[in-house]
Amino acid sequence: MASKVYFTDLRTRPGHSLLQKLEAMVKRAGMEQIDFKDKYVAIKIHFGEFGNVAYIRPNYAAVIVKLIKDLGGKPFLTDSNTLYSGSRSNAVDHLQTAMLNGFNPISAGCNVIIADGLRGTDERIVDVQGAYCPEPKIGAAIAEADIVISLTHFKGHEQAGFGGALKNLGMGSGSVAGKLDMHSTAQPKVDEEKCLGCKICEKNCAHDAIHVVDKKAVINYDKCVGCGQCVALCKTEAAMMGSEESGIVLNCKIAEYSKAVLKGKPNFHVAFIMNVSPECDCWGHNDAAIVPDLGMAASFDPVALDQACVDIVNNAPRLATDNQLSQKVEEAHGHDCHCHEHNHEDNDKFRMLHPNTNWQSGLTYAEEIGIGTREYELIKM
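All you need for the numbering used here is the position in the sequence shown, starting with 1, plus 796.
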């Protein structure tokens, strides 16, 4: 049976703001059906690396927080620490970054809790008997919550293909050890012909796994944890995903971690299809959006929600301004190309952006293990 996905565009009129449209959408989608009374509610969100401004505005989070409070719940905004170096690799810096990016009790209406503690070691093991990760390691604050609500900035991703609800839930909720578990087969490689020896990857690797030797970057795979920081930071695309197969395994692991996060908990999911950047919000920069701001969507089914978001983006016109997607299309088809002039495969914007990834693998596997379904009914408001 197809899952219901509710969608609203970003058009407004006097007296009816986007914040009001968000509230109306989640209410119509049935979020109020959840029994929030006296329950701890983990609102899983990405606070954005400092310097990145593509993340969800805290104003939207405040709408969800207020609604949960009105229904008697005890909400908190949360995310787990990162595997790579940056402003969110420990709870002190992570909390400071969240505050600087606008997530605080004044703006959002509730507290921020870093789910896996000071150093990323505060975790709970959840038995899901998965084929890839039998015992996912989930940040304790998320694992111990009664209810999980995810708020996701939908965008591209250099390892998973796109970053949606499952990526937010699975990878985002894993403790540092959990992220190591998921990334262990996703090690990148270096195209020596493209490498300029600029040392950006070397300077930013948190695990001392990549060094420039004879003006070319060389990866020490005994140290590499597959976090993807070098892939995201390389200006010439010399650092890239090792293979499509490694990306498939990564997506399957993310699905199993998502299953662990949601196990036994009422859950609900919202996606913001706006400022659709080509890569994730984990880096201290964000590149130009690839499509116009499209809308917001909500569902009880995170798999259906992700599939709907992919389809909405792929059916939208790409922005003609200078961006990564336009560059990829021009390289493939020439400067006068428009996506809709080519076949359906070319309309897969995420595959075009990151050709060594396979986003479909994660949704297919998530469906197989019972998280949700890729079949959906899109209900436009």
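No residue lacks a Cβ here, since even glycine has one placed at the ideal position from N, Cα and C.
Item: Nonlocal neighbours in the same chain, by C-beta distance under 7 Å from residue 1176, ignoring five residues either side; Value: 803
Item: Contacting residues, own chain, Cβ-Cβ under 6 Å from residue 756 (five flanking each side not counted); Value: Outside the modelled stretch of the chain, which goes from 797 to 1177, sits residue 756, for which no answer is possible.
Item: Contact between the stretch 1057-1070 and the stretch 1025-1036 (3+ Cβ pairs under 8 Å); Value: no
Item: Separation of residue 1126 from residue 1141, as counted between CA atoms; Value: At residue 1141, the pLDDT of 44 sits below 50, so the modelled position is not reliable and the matter cannot be decided from this model.
Item: Cβ contact check for the stretch 817-836 and the stretch 909-921: 3 or more pairs under 8 Å; Value: no
Item: Backbone secondary structure at residue 1070 - three-state DSSP; Value: coil
Item: For residue 1057 and residue 1071, the rounded distance between their alpha carbons; Value: 27 Å
Item: Beta-carbon proximity check, residue 1076 vs residue 957, cutoff 8 Å; Value: no
Item: Residue 1048 versus residue 1042: straight-line alpha-carbon distance, rounded; Value: 10 Å
Item: Enclosing alpha helix (DSSP H) for residue 856 [first to last residue]; Value: 854-866
Item: 7 Å Cβ shell around residue 814 - same chain, five flanking residues per side excluded; Value: 806 and 808
Item: Reduced DSSP category for residue 1098 - H, G, I as helix; E, B as strand; rest coil; Value: helix
Item: Extent of the continuous beta strand (DSSP E) to which residue 889 belongs; Value: Note, residue 889: premise wrong, no beta strand (DSSP E); alpha helix (DSSP H) at 887-896.
Item: Given residue 749 as reference, the closest of 830, 850, 1120 and 1161 once Cα atoms are compared; Value: Because the chain is modelled from 797 through 1177, residue 749 falls outside the range shown and cannot be assessed.
Item: The stretch 1109-1119 in contact with the stretch 1076-1091 per 3-pair CB rule at 8 Å; Value: yes
Item: Buried versus exposed call for residue 890 [16 or more other C-beta atoms within 10 Å across all chains shown]; Value: buried
Item: Ranges of the beta strand (DSSP E) found wholly within the stretch 917-1004, counting only runs of at least 3; Value: 919-921, 933-935, 943-949, 951-953, 957-959 and 984-986
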